[in-house]
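**Q**
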Amino acid sequence: MNAIEISNLNFSFDKPVLNNISLQLRLGAFTGILGPNGAGKSTIVKILSRWFKPQNGTVRIKGQSLPQLSQRQLARLLAVVEQDTHLNSDISVRELVALGRLPHQSFFAEENGQDRKAIENALQTTGMTAFASRPLSSLSGGEKQRARIAAALAQQTEILILDEPTTHLDIKHQLELLRLLKALAEGGLTVITVLHDINLAALFCDDIVLLSSGNIVMTGAPQNVLTSEQIEAVYDCKVTVYPHPVYQVPQIALLKGTS
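Structure representation (structure tokens):
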């Protein structure tokens, strides 16, 4: 069984955004979704989280039809960390993480021992235990992102989806975040993330989905997808691709010219 199966999916606003795409995302893999601006990357995330409804096609989450799932059922299957939402609230980190338990609670129920354990585990996993009482407005960008991931982990789902989680982070905090996501995937969580940095995606991801103008160009291991021919065609720029000197995964170097 795959984590997510998309078949013949179409979505459009005034013009087509996704064009009859079909995609299978493996359980337990760390998958990076790449492509230029406007390729349809974030639209896929919004369809999976039911912010957008496709015109036609099917989506299955662990074998279950997405439209047939209740919101509570969906929230128990997958957790979504949307793009930066500028968390400047004065609620504490722990209060934010506790919101991740809502899919497991009945209305007006008080926090129980299972909830508290899930919250503490999520804080510990993300390195946010020491920040639990801090207001969100006092955190750095990297700390806010870890707090949001902790809230997603508190949902205790098998699938974690993130939309451009490294945006606005410096390189140190990008690496810290991707190391965390890689560790979660190695621990059995299915991690699917939209990324812009091709080199970081190649370093950390097991699978790559390459999109262009609403079409899937190719999916597979980084060494198969990230070739100079495909990068140049998708991003409309000249590159050279070389193996990383330590990890041997493909890395992209930009060329100044056009030929």
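Numbers in this note's numbering are just positions in the sequence shown, counted from 1, shifted up by 44.
C-beta: ideal position from N, C-alpha, C; glycine also.
From a predicted model like this one, the values you see are computed outputs, not experimental measurements.
#1: Roughly how many angstroms separate the alpha carbons of Ile260 and Pro294, rounded to a whole number?
#2: Please report the straight-line C-alpha distance between Ile215 and Leu204, rounded to a whole angstrom.
#3: Measure the C-alpha to C-alpha separation of Leu247 and Thr263 and round it to an integer number of angstroms.
#4: Candidates Ile91, Asn46, Met45, Leu71: which alpha carbon is nearest Val61's?
#5: So, Thr170 versus Ile193, is the Cβ gap smaller than 8 angstroms?
#6: Note the first and the last residue of the continuous alpha helix (DSSP H) segment covering Pro266.
#7: Using 8 angstroms as the threshold, is the segment 69 to 76 in touch with the segment 229 to 246, meaning 3 or more CB pairs across them?
#8: Look at Leu255 and Lys59 and say whether their C-beta atoms are less than 8 angstroms apart.
#9: My output table needs one value for Ile242: the three-state DSSP class, helix, strand or coil.
#10: Is Lys188 near the ligand FAD, in the sense that its beta carbon is under 7 angstroms from a heavy atom of that ligand?
#11: Quick check: what's the CA-CA separation for Val283 versus Asp251?
#12: Quick one, are the C-beta atoms of Leu53 and Pro98 less than 8 angstroms apart?
#13: Within 10 Å of its beta-carbon, does Asp280 have 16 or more other beta-carbons around it, so buried, or fewer, so exposed?
#14: How long is the line joining the alpha carbons of Leu197 and Ala123, rounded to whole angstroms?
**A** Straight from the coordinates:
#1: For the purposes of this step, residue 260 is identified with residue 216 of the sequence shown, where counting begins at 1. For the purposes of this step, residue 294 is identified with residue 250 of the sequence shown, where counting begins at 1. Each residue's Cα considered, the two are about 20 angstroms apart.
#2: Taking the first residue of the sequence shown as position 1, residue 215 is located at position 171. Taking the first residue of the sequence shown as position 1, residue 204 is located at position 160. For Ile215 and Leu204, the distance between alpha carbons rounds to 22 angstroms.
#3: Against the sequence shown, residue 247 aligns to sequence position 203. Against the sequence shown, residue 263 aligns to sequence position 219. So the alpha carbons of these two residues sit roughly 16 angstroms apart.
#4: If you number the sequence shown from 1, residue 61 lands on position 17. It is Ile91.
#5: In the sequence shown, the residue the question calls residue 170 occupies position 126. In the sequence shown, the residue the question calls residue 193 occupies position 149. For Thr170 and Ile193, yes; Cβs fall inside 8 angstroms.
#6: Reading the sequence shown from its first residue, position 222 is the one you call residue 266. Residues 266 to 269.
#7: yes
#8: Here residue 255 corresponds to residue number 211 of the sequence shown, with the count starting at 1. Here residue 59 corresponds to residue number 15 of the sequence shown, with the count starting at 1. Not closer than 8 angstroms, so no.
#9: One-based indexing of the sequence shown puts residue 242 at position 198. In the structure shown, Ile242 sits in a helix (DSSP, three-state: H, G or I).
#10: In the structure shown, the ligand FAD is absent, as is every other ligand, since no ligand is present at all.
#11: In the sequence shown, the residue the question calls residue 283 occupies position 239. In the sequence shown, the residue the question calls residue 251 occupies position 207. If you take the alpha carbons of Val283 and Asp251, they lie about 21 angstroms apart.
#12: Residue 53 sits at position 9 when you count from the first residue of the sequence shown. Residue 98 sits at position 54 when you count from the first residue of the sequence shown. A contact, by the Cβ cut-off of 8 angstroms.
#13: The residue given as residue 280 occupies position 236 in the sequence shown. Exposed: under 16 other Cβ atoms inside 10 Å.
#14: Numbered from 1 along the sequence shown, position 153 holds the residue referred to as residue 197. Numbered from 1 along the sequence shown, position 79 holds the residue referred to as residue 123. About 8 angstroms.
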